[in-house]
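Asks: Here the first sequence stands for residues 0 to 949, numbered as in numbering that gives the first Met the number 0. Idealized CB from N, CA, C, for every residue including glycine. Please read these numbers as outputs of a predicted model, since none were measured by experiment. This is the structure, below, for whatever I ask next.
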Amino acid sequence: MKTDELREKYLEFFVSKGHRRVASDVLVPTWDPSVLFTPAGMNQFKDHFLGKIKLEFTRATSCQKCLRTGDIENVGRTAYHHTFFEMLGNFSFGDYFKREAINWAWEFLTDKKWLGIDPSRLTVTVYKDDDEAAGIWAKDIGLKVDRIERCDEDENFWPASAPSQGPDGVCGPCSEIYFHPDQGKSVEIWNLVFTQFNRVGDPPNNLRPLPSKNIDTGMGLERTAATLQGVPTNYHIDTLFPIVQAAAEVCGVKYELDSDNGRRCRRITDHVRACTFAIHENVYPGPQKEKYVVKRLLRRAVLDGHQMGLHEPFLHKLVPAVVAAMKGPYPELAETAKRVASVIEKEEANFFGTIDAGLNRIERAFDDMRKDNRTRVEGAVAAELYQTYGVPPELFESLAAEHNLAFDWEGYGKSMEEHGEASGKVQHTVMGAKGPIDSLKHALHSTEFLGYDTTVADAVVKGIITGKAPNDHLVDKLDEAMSASRGVPAPGAQVTDAVRVILDRTPFYGESGGQVGDVGKLVGDGFEFEVIDTQKDGALIVHIGHLRQGTIREGAKVRATVDDARRDAIRRAHSATHILHYALQKNLGSHAQQQGSKVTDDELRFDFTNLSPVESAQLAAIAKDVVERVAAGAPVKWETLPLADARKQGAMMLFGEKYPDPVRMVSMGDFSRELCGGVHLTNTGEVGAFEILSEEGVSAGTRRIIALTGKKATDYRARIEAEVKRASEKLGVAGYDLPHAVEALIEKRRELKRALEAGVKPNLVAAQATVKKVAGDTAESMKSILGEAARRMSVGLLGVAERIEAMASEVESLGQRLAQREAAGPLSADSLLEKATTEGGVTVVVADLPGVEPNLMRQLIDQIRQKQPLSAVLLATTQGEDKVTLVAGISKQLQERGLSAGKWIGPVAAAVGGGGGGRPDLAQAGGKDPAKLPAALEVANRTIAEMLKA
RNA sequence: GGGGCCAUAGCUCAAUUGGGAGAGCGCUGCUUUUGCAAGGCAGAGGUUAGGGGUUCGAUCCCCCUUGGCUCCA
């Protein structure tokens, strides 16, 4: 039986038993912070099991794509392990229980109409104390006792060993069904979990019956298909074997079941399937969390290829095979196949680069070992290379084997464990700790939110909470004297010091969906409360702030007033965010989806998926689209409607988000439809000005745009214009000539420096920079003018004028030094030699050269040494008010007589209050006292004379 | 969120207690050759990521910022 057929039959069977057929949840459920990937079919029904939501159905069946990395080491080595797999399941939420679950499982497995498995090949296990399940297997099904095995809690309880070891909470016994093939080991194909207890504390008597019992079953699709198809491993079933073969072909090896390469091909198959699905959901390989898992899976697969002799990207070539094998149930994979392949290829290329760099480091490590005559690669060394540069230990080991060196896996594991600990353990947040807010939740349930329609409303105080987190408590009333922070708010006052007020209804928006909370005032009879932030806690809206005046009491009437101007600015930024999202997708492609967002007053931060930096031309096009959409003034509307309807209308949905149903959909004209709970303008035209501040990377594959709207955008433009004005005035040119003038300034500085260091006259021909002429003086051209100038000097846009000032003064001082040098007369090796003295046949030059660079002094020394093979030269110069620089050189023949420039320069430097040193042929030193330079030069003459005599 | 590492010519990378910034490839010009992927000669190209500190002197030591790599959770 084909795998697709098995999947379909299973779902069909349970639909015939009154189950709702539910589509697979996403692989990466960002709505569920407790897991990185969907680990099992029941994950999307957590709230159903806990009775947290209103049930529209009490029986469900699904085929869920899952990813687990717990057994990653076994993938490819065993017949049945995967990271990515599909799980068939049927679920009962307080509906049917053990009897139906067992009977239907047996019917589906053995009935000719369904799977038709020979019943004699099946055995079951039950939990040792579960007489009920054992009884059903024996009486209803007619299984003999020897085919019903009773197992301990570590095998047949969920969670494993829960009764004795916890955790507390819902749990229950389970019953597993095993298939026994002609040969080989028996295989567990179906696990029926009967959640019927609530565990409270340690045994005994810690298992309390649940009022509402649930069924949660899981049948591994690949495993069951393998038994039905009679193949020795899951990887040989019809949906996986083509990928295995493609892997073997791409890697240029012959596939064999029982060889290292066979195992590698199977591992590649599993990992590329997992990566394809994850990247399809916009989870790109990256440095954290689920992104990191994808990266690790991908790199493991690539490493397998590398060990089969491949040296360039290949894994991406397997994406079509994955799509072909999985497109039956997941046709959407085909839509993103190209993008997925390119993401994989890019990451592969990165990793091959890492491997190449790793090979060098490994060779170096081998060199070190050879020096010390060691024959075993220390685990700590391998771990350090892995942690620092990502050098895979497997690579290290196989190279070590080629050199007949052993590899210390044990030490490696130990070092990695230590690294894990050094990197910080999981910070456990106390779950379910009860605070004062929980009792309010119980009494009030929710705060009515009025803020979509108004910013002012009358309400009643329902709760007042004071104190810091662990010691916070509800109070009946609070007066000025009791408020920890009355009067003027202290700058940087901690919000945790603040008072929290809960109302029955409010126009204040609590921070959510990236939009910040509102600020404003709560005013009542004789009191005033300033709200500095608003947060959501469950369905409650919490006003955080300080009592400024009077006494606030529970039950008091208040008028809640949101800071209108700020709220309007938030509206502008939030609507602009939607327009930007639209423009990004239009210009970059549909993959440019939101990854995160922060909306404050007239300022927005938007993270989205994109592999490479957005080019400046693209960025300009995006900004232009936004501005055009704003100018067009499309109406903004919102409505609450069923999720399915919103989807039909093409509302943008993000992978992994779980939306409430019904949802709030915000539309702008006919170009943007997003599900969003935030506040918006009524017309896009109200956004006003829009300016993109920056585009930058936040992690691999994710880019961030920061932009301004309304007043902040206008202010920003004004600052740009002011900067251009200041910078161009400084240089005495018109604004549009700024890039030219900057280029000329840079050129002049460079030429002066060269002249000073080479001892020549500067060639001050004005630099003819080729700069794109920018016409007009619009805000856009101002920005591009400043951008040109900023790029040339590698500073930010608003640092241009400052940098120009610094450069101008540097040019001035360079010019002064040059003038000083020229005033001191001609400078050359010959002119110095004319003034030289002779000491025992050796030419000695000791001179003060005002305004000369140390570098030039070195060159002069070289020239003199070339002309006079027997020479000793010491040159000095004064730099600034309090600095002397000395350079001394000794010709080669004198060095051979034991003279050293370093020894010569020492006492000279001491004479000007400094020190120094260097090599025998050339030494450099300095001091702080220019006034003593003449005396120091006397010291230089005496010292060299003594050295020559010795 | 935390640990480690890196940033030097267009590219890949050197530079030893802190003392003169280099190589290979690429580029430009000349030359050799029937021609060329080649050979020979010469040359250009650097705020050593940015900022601050220690020092007579910093690519090197310390601190901060930015960007990148890598591992752990």
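#1: To the nearest angstrom, how far is the alpha carbon of V14 from that of L5?
#2: Grab me the residues of D536's own chain with a C-beta within less than 6 Å of its C-beta, minus the 5 sequence neighbours each way, in chain order.
#3: Do you know offhand how far R375's Cα is from A405's?
#4: By how many angstroms is the C-alpha of E99 removed from the C-alpha of P118?
#5: Mind listing, in chain order, the continuous beta strand (DSSP E) runs of no fewer than 3 residues lying wholly within the stretch 905-936?
#6: Taking N89 as part of the beta strand (DSSP E), name the residues at either end of that continuous run.
#7: Given a cut-off of 9 Å, decide if V249 and L317 are closer than it, judged by their beta-carbon atoms.
#8: Rank G229, G251, T226 and E221 by C-alpha distance to the C-alpha of T238 and give the top, closest one.
#9: In the DSSP assignment, what are the bridge partners of R263?
#10: Unbroken alpha helix (DSSP H) runs of length 4 or more, entirely within the stretch 830-915: which are they?
#11: DSSP state of N205, grouped into three classes?
#12: Under a Cβ-count criterion, where at least 16 other Cβ atoms within 10 Å of its own Cβ denotes burial, should H679 be classed as buried or exposed?
#13: According to the Cβ coordinates, are S174 and Y234 closer than 9 Å?
#14: Can you find the residues in the same chain that come closer than 6 Å, C-beta to C-beta, to A768, ignoring five residues on each side of it along the sequence?
#15: Residues in its own chain within less than 7 Å of L751 by CB, not counting five upstream and five downstream?
#16: Take P919 and list the residues in its own chain whose beta-carbon comes closer than 7 Å to its own, dropping the five residues that flank it on each side.
#17: With C-beta atoms as the reference, is F365 less than 9 Å away from A400?
#18: Looking only at C-alpha atoms, which of L674, K729 and Y329 sits nearest to L26?
#19: Output needed for A949: all residues of its chain with C-beta closer than 7 Å, excluding positions within five of it in sequence on either side, in chain order.
#20: Suppose only complete runs of 3+ residues qualify. What are the beta strand (DSSP E) ranges in the stretch 540-627, listed by chain order?
#21: Work out the CA separation of Q867 and A835 for me, nearest whole Å.
#22: Exposed or buried, Q593, counting other C-beta atoms within 10 Å across all chains shown (16 or more means buried)?
#23: Between which two residues does the alpha helix (DSSP H) holding A458 run?
#24: In terms of alpha-carbon separation, which member of Q195, L755 and I904 lies closest to D129?
#25: In the DSSP output, what is V500 paired with across the bridge?
#26: Report all residues from its chain with a CB closer than 8 Å to the CB of Q617; omit the five preceding and five following residues, and keep chain order.
#27: Among the residues of its own chain, which have a CB less than 6 Å from the CB of I101, if the five just before and after it don't count?
#28: Where N197 and E131 are concerned, what is the direct C-alpha to C-alpha distance, given to the nearest angstrom?
#29: I'd like the span of the alpha helix (DSSP H) that includes F365, first residue to last.
#30: So, at 7 Å on beta carbons, what are the nonlocal neighbours of I863 in its own chain, with the 5 sequence-adjacent residues on each side left out?
#31: For K782, does the count of other Cβ atoms within 10 angstroms reach 16, so buried, or fall short, so exposed?
#32: Give the DSSP-derived three-state secondary structure of C274 in the structure shown.
#33: Quick test of the definition: if touching needs 3 or more C-beta pairs under 8 Å, does the stretch 330-347 touch the stretch 376-395?
#34: Measure how close the beta-carbons of C274 and V243 come, nearest whole angstrom, since I'm counting them as under 8 Å.
#35: Check whether the stretch 706-713 and the stretch 671-688 are in contact - that is, three or more C-beta pairs closer than 8 Å.
#36: Cα separation between E880 and G850?
Replies: Quick look at the numbers:
#1: 14 Å
#2: I436
#3: Taking the straight line from one Cα to the other gives about 4 Å.
#4: 18 Å
#5: 914-917 and 921-926
#6: In this chain, the beta strand (DSSP E) harbouring N89 covers F83 to F92.
#7: Yes, they are a contact pair.
#8: The shortest Cα separation from T238 among G229, G251, T226 and E221 belongs to E221.
#9: None; R263 has no bridge partner.
#10: 853-866, 891-895 and 900-910
#11: coil
#12: buried
#13: no
#14: Note that A768 has pLDDT 41, beneath the 50 cutoff, so the model's placement of it is unreliable and the number below is only indicative. Closer than 6 Å at the Cβ level, and outside the excluded window around A768, lie H739 and E742.
#15: P761, V810, L813, G814 and L817
#16: I889, Q894, S899, A900 and G901
#17: no
#18: The shortest CA-to-CA distance from L26 to any of L674, K729 and Y329 is the one to Y329.
#19: The answer is none, since no qualifying residue turns up.
#20: 550-552, 556-561, 593-599 and 602-608
#21: 11 Å
#22: buried
#23: Counting along the chain, no alpha helix (DSSP H) covers A458; the unbroken beta strand (DSSP E) around it starts and ends at V455 to T465.
#24: Q195
#25: I463 and H542
#26: N586 and L587
#27: I135
#28: 18 Å
#29: L332 to D371
#30: A828, L831, L832, V844, S870 and V872
#31: buried
#32: helix
#33: no
#34: Wrong, their Cβ atoms sit about 16 Å apart, outside the cutoff.
#35: yes
#36: 12 Å
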